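Reading through the C-alpha cells given below for one structure.
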Amino acid sequence: MQQPVKNKSGPFDWLAVTEAGLYCRPGGFHVDPSRPVPKALITHGHGDHARPGHAAVLTTPATGAIMRARFGAEAGAIEPVRYGEERRIGEVRVRFVPAGHILGSAQIVLEHAGRRVVVSGDYKRRRDPTCAPFEPVPCDVFITEATFALPVFRHPPAEAEIARLLESLRLFPERAHLVGVYALGKCQRVIALLREAGYDRPIYLHGALRALTEFYVAEGVPLGALPDATRAAKDAMKGAVVLAPPAAIGERWSRRLPDPLAALASGWMRVRQRAKQHGIELPLVISDHADWDELTATITELKPGEVWVTHGREEALVHWCRSQGIAARALMLAGRADEDGT
Numbered sequence: 052m053q054q055p056v057k058n059k060s061g062p063f064d065w066l067a068v069t070e071a072g073l074y075c076r077p078g079g080f081h082v083d084p085s086r087p088v089p090k091a092l093i094t095h096g097h098g099d100h101a102r103p104g105h106a107a108v109l110t111t112p113a114t115g116a117i118m119r120a121r122f123g124a125e126a127g128a129i130e131p132v133r134y135g136e137e138r139r140i141g142e143v144r145v146r147f148v149p150a151g152h153i154l155g156s157a158q159i160v161l162e163h164a165g166r167r168v169v170v171s172g173d174y175k176r177r178r179d180p181t182c183a184p185f186e187p188v189p190c191d192v193f194i195t196e197a198t199f200a201l202p203v204f205r206h207p208p209a210e211a212e213i214a215r216l217l218e219s220l221r222l223f224p225e226r227a228h229l230v231g232v233y234a235l236g237k238c239q240r241v242i243a244l245l246r247e248a249g250y251d252r253p254i255y256l257h258g259a260l261r262a263l264t265e266f267y268v269a270e271g272v273p274l275g276a277l278p279d280a281t282r283a284a285k286d287a288m289k290g291a292v293v294l295a296p297p298a299a300i301g302e303r304w305s306r307r308l309p310d311p312l313a314a315l316a317s318g319w320m321r322v323r324q325r326a327k328q329h330g331i332e333l334p335l336v337i338s339d340h341a342d343w344d345e346l347t348a349t350i351t352e353l354k355p356g357e358v359w360v361t362h363g364r365e366e367a368l369v370h371w372c373r374s375q376g377i378a379a380r381a382l383m384l385a386g387r388a389d390e391d392g393t
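With the numbering used here as the guide, the letters of the sequence shown map in order to residues 52 to 393.
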C-alpha cells in the first residue's frame, strides 16, 4: 500500500513510502528499493541500497559496474547516467550528483511540479581521495541519511587515525596489523590514505577484498602494491598492514599472521563497547558517513523547507531540525542496516 508523504504545505502526493521503499508516482520509479521493482534509481553500490532483481536500473556508471560485478544478469537492465546529466523520467526531471560516500555514489535530484527533492543516499563531507566530493544542491525537501545522527558521533580527521595506525606499526614492528575494512569503499580509502601519508610498503589483502579493489584501480585510483595475504610468507607480513573484512578478523586464516594486532576502521569504533565486543586492540574511527556535525551543517547549508530522515538515528535529527524551525519527519524506510564497514 502506498502512503503519500505529507509536508506542512499539504499532501506531497507525488512521493510515497511503499513496502519496497520510496516511490515517485509521476516518474514511475523507486529510489534504492528494498525488493525487486520495475524501475529503480540506485544511489550507490552497497548492499543495503543496491539489490538484484530490478527490471530496469538507472545509476552512475561506476555503480552500474559494481552491480554487474556483484549480481551478474540479476543486476537488471542498467542505464548509466553521468554526474550532472539530466534525464526526464515520466513527468520528473532527474539528476545524479556526487555524494562523497564511495566511488560512484550519488545523491538523486528530483524536480516536479515546481519542487526540488534531493535524496542524499549515504554521504559524507570529508575529503576522500577515492571518490568525487559531496555536491550541495539547495532544495525544497532534503531526504537525508542518519547513520551517525547523535551528538556523540563526531569523527576525528581520518588522516589522524591513519597516523595512529602508522605509530602502532612503529611501536610494534614484529606484529602484523590486521585491519578490518568493508570491501567496497572503506578498503580502498584506507589504502589511499596510507599512501598519501607516505606508506609505500606492500599492503596485504584478504581475497574477499581483491575484486573491488582491482575495480577501483581500473577506474584510475592508484593504490600501489597489494599482494595476497593468504599466499605471502609469514615473515614478510611482520610489521605490515593486512586488510580483511571485519568478519574475517577472528577466522582461522588469521592465525598464520605474525602475532596479529586487530584493528577495525569504522565510525562505530567511537563506541568503546563495540571495539571490546570485536576484540579490537586498535579502534580506528574512520567513517564513510556524515557525523553529527556534518549532518547538521549540511542541512544548514542547503536551507531546505523540509527534511525527511531515514536510515539511522532519525529521532535526534528530526528533533534538531524542528529546534531550528525546519519541518522534519522520519520516513522509517525498511531494509536499511548498520554495518561495521560504515
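Yeah, the Cβ is synthetic: ideal placement off N, Cα and C, and Gly gets one too. Owing to the predicted nature of the structure, the values given are computational and were not obtained by experimental measurement.
Under the three-state DSSP convention, the category residue i falls into
i: glutamate 331; result: The amino acid at residue 331 is misidentified as glutamate; the sequence shows isoleucine. Looking at isoleucine 331 - three-state DSSP - the assignment turns out to be coil, as it is neither helix nor strand.
i: aspartate 279; result: strand
i: proline 195; result: Checking the displayed sequence, the identity of residue 195 turns out to be threonine instead of proline. Of the three classes helix, strand and coil, the one that applies to threonine 195 here is strand, per DSSP.
i: valine 336; result: coil
i: tyrosine 267; result: helix
i: arginine 167; result: strand
i: threonine 110; result: strand
i: glutamate 142; result: coil
i: valine 241; result: helix
i: aspartate 99; result: coil
i: glycine 231; result: strand
i: arginine 105; result: The sequence given here places histidine at residue 105; arginine does not occur at that position. In this structure, histidine 105 counts as coil in the three-state DSSP scheme.
i: leucine 368; result: helix
i: alanine 71; result: coil
i: proline 297; result: helix
i: threonine 351; result: helix
i: aspartate 83; result: coil
i: arginine 246; result: helix
Whole-angstrom distance between residue j and residue i, CA atom to CA atom
i: isoleucine 242; j: cysteine 372; result: 36 Å
i: phenylalanine 199; j: aspartate 64; result: 29 Å
i: leucine 154; j: glycine 231; result: 19 Å
i: alanine 262; j: alanine 164; result: 43 Å
i: threonine 351; j: glutamate 196; result: 15 Å
i: arginine 121; j: histidine 100; result: 13 Å
i: threonine 69; j: serine 85; result: 10 Å
i: threonine 349; j: valine 170; result: 13 Å
i: leucine 445; j: leucine 312; result: With the chain represented from 52 up to 393, any question about residue 445 goes unanswered, as that position is not in the structure.
i: glycine 98; j: aspartate 173; result: 12 Å
i: aspartate 391; j: proline 296; result: Only weak support is given to the placement of aspartate 391: the predicted model assigns it a pLDDT of 43, under 50, and the question is left unresolved by the model.
i: alanine 116; j: valine 145; result: 20 Å
Burial state of residue i (16 or more Cβ within 10 Å)
i: proline 135; result: Checking the displayed sequence, the identity of residue 135 turns out to be glycine instead of proline. Classification for glycine 135: exposed.
i: threonine 94; result: buried
i: arginine 102; result: buried
i: leucine 274; result: buried
i: glutamine 324; result: exposed
i: valine 203; result: exposed
i: serine 374; result: exposed
i: leucine 315; result: buried
i: glycine 363; result: buried
i: histidine 329; result: buried
Proximity of residue i and residue j at Cβ, strictly below 7 Å
i: threonine 393; j: serine 317; result: yes
i: proline 89; j: alanine 106; result: yes
i: methionine 288; j: alanine 248; result: no
i: alanine 234; j: leucine 216; result: no
i: proline 131; j: alanine 183; result: no
i: proline 87; j: glycine 141; result: no
i: valine 192; j: glutamate 357; result: yes
i: aspartate 83; j: arginine 205; result: no
i: aspartate 339; j: histidine 81; result: no
i: leucine 92; j: isoleucine 159; result: yes
i: leucine 201; j: alanine 367; result: yes
i: glutamate 212; j: isoleucine 337; result: yes
Presumed contact (8 Å Cβ cut-off) between residue i and residue j, rounded CB distance
i: alanine 209; j: arginine 177; result: 6 Å
i: leucine 256; j: leucine 277; result: 5 Å
i: threonine 181; j: arginine 240; result: 5 Å
Proximity test, Cβ basis, 7 Å: residue i and chain B
i: alanine 71; result: Note that chain B does not occur in the displayed structure, where there is just one protein chain.
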